[in-house]
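Note sheet for the following structure.
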Amino acid sequence: MKKICIILISLIVLCSIIVLLIYKNGISAVSNNSELIEFEVTDGSSYMTISSALKEKNLIKSELMYKIFIKLNKPNVLEAGKYHLSEDMGVRKIVETLSNGSKKETIKIIFTEGKNMRYIAKVISENTSNTEEDVFNLLKDKEYIDSLINEYWFLTDDIKNEKIYYPLEGYLFPDTYEIYKDDNVKDIFKRMLDEMDSKLKTYKTEIENSKYSIHELITLASIVELEGAKSNDRSKVAGVFYNRLSHNWTLGSDVTTYYAEKIDDWSVGLKLSQLNACNAYNTRGSCVSRLPIGPISNPSMDSIKATINPEITNNYYFVADCDGNTYLNTNEYGHNETIRKLKNQGKWCDN
């Protein structure tokens, strides 16, 4: 009899655990997609009656688990109105958003490709109630950075190097986002990091099989973004840089010097002292023989893909004409000749 009781109790505990796991999975996020979609609640609707609409829009995994959550938590009365929800919220956050009412104002905020953290801070301050200082202070928060490293597979301890200007430089995916006007910097960064996760996971196998770390790949992609901005074939640009790295050539990239000196206006010429300066970012100086310490911009997907899958040739120089056509050369003499021909043809658009 005692054995039967033990078996029954064990079965009850096991069933309880299984039910709990099913429930937790049922109320978890549908996906990592953070894109906000408009969800309208009409007059007379209740949390229960909108369950099918939430499921149709792929905002919840299970109507049953959603309804159980409502029964257990008894949220505030549902108000009619328009709400902005996303697949990555999960039932708890969706219900929390619905229970707060539809009064939050949303805005669209655009982060341009190839820009650095100072630009991102400025855009955030111009469009939200956050200040540039709020952005920079958060980036100095070591506990926050550690929490992100634990959450996102593509963030590593490399971003904690004390010589790096901004730990999340390069990892905030540039795009157009619809956010709440009162979102804080953490909310905005989460949207951008989630989007980077969504973009990178397609290439996770290639990234893990590369002889370069994810940090090195994003760093190179950030240089390709700026150096190859005028090229129609960034994979060729990436290939040239890989050749230089493979044969221990310096990258010799002016854009790394501008970043090292924190100069955002490229119409300002670089001084010889700046080009030769010993800085962990400056690939024109004597201190960096390979890649800089970290990314120098937040690259587009085109540059990231080009860096993951470059076109490998035997060339060490590249230049693009006014139409974006890319010309490769094996040596400096051929490179200078190409530039001379482009100038004579009126196709030289370096500045």
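231 is the number of the first residue of the sequence shown in this note's numbering; add one for each residue after it.
Note that the Cβ used here is the ideal one computed from N, Cα and C, for glycine as well.
Simplified DSSP state of residue i, which is helix, strand or coil
i	result
H314	strand
T543	coil
I569	helix
N581	The pLDDT assigned to N581 is 49, lower than 50, so where the model puts this residue is not dependable; a value taken from the coordinates is nonetheless given after this. Note: N581 maps to coil in three-state DSSP.
V467	helix
I290	coil
M347	helix
T449	helix
T279	coil
L462	Looking at the sequence itself, residue 462 is Asn, so the reference to Leu does not match. Note: N462 maps to coil in three-state DSSP.
L328	helix
E356	helix
E335	coil
N473	helix
K297	helix
D376	helix
V260	coil
G576	coil
K370	coil
N255	helix
D364	helix
L266	coil
N306	coil
Strand pairing of residue i, partner residues [DSSP]
i	result
F548	L558
T406	I340
V271	G311
Classification of residue i by the beta-carbon crowding that lies within 10 angstroms, buried from 16 upward
i	result
R322	exposed
G400	buried
S261	exposed
L572	buried
S483	buried
Y563	exposed
V307	exposed
G515	buried
G499	exposed
R421	buried
N478	exposed
I337	exposed
G554	exposed
A310	exposed
L402	buried
R464	buried
N581	Model confidence at N581 stands at a pLDDT of 49, short of 50, so the residue's coordinates are unreliable; what they give is reported in the following sentence. When all chains shown are included, N581 counts as exposed.
P305	exposed
R474	buried
L294	exposed
D273	exposed
D387	exposed
T556	buried
D494	exposed
T406	exposed
E425	buried
T279	exposed
Best match in the options for proximity to residue i [C-alpha to C-alpha]
i	options	result
P188	P397, K301, N360	This structure cannot settle anything about residue 188, because the visible part of the chain is limited to 231 through 581.
T537	V549, I453, K501	I453
Y277	E265, G331, I252, D318	G331
A351	Y547, E309, I418	I418
T358	L369, L315, D412	D412
F384	I437, E491, K441	I437
A451	N439, V467, K441	V467
E268	E317, L505, Y382, T556	E317
Q504	G320, K345, A490	A490
K370	H445, S461, W578, I394	I394
E408	D427, I324, R348, I339	I339
L456	L266, S476, V485, S440	V485
T480	S258, E567, T279, T513	T513
D551	K297, A459, E326, D376	A459
N367	K416, Y296, Y313	K416
Y511	K492, I247, K254	K492
N544	T361, L302, G469, G576	G469
L447	N528, E373, A507, K372	N528
S533	C579, F471, N574, H565	F471
Any chain C beta carbon closer than 7 Å to residue i
i	result
S261	Considering every chain present, this structure includes no chain C. It has just one protein chain.
Let me know the alpha helix (DSSP H) ranges lying completely inside the region 379 to 444, each 4 residues or longer, listed in chain order.
-> 415 to 430, 434 to 439
Tell me the start and end of each unbroken alpha helix (DSSP H) in the region 478 to 539 that is at least 4 residues and wholly inside, in chain order.
-> 484 to 490, 502 to 505, 531 to 538
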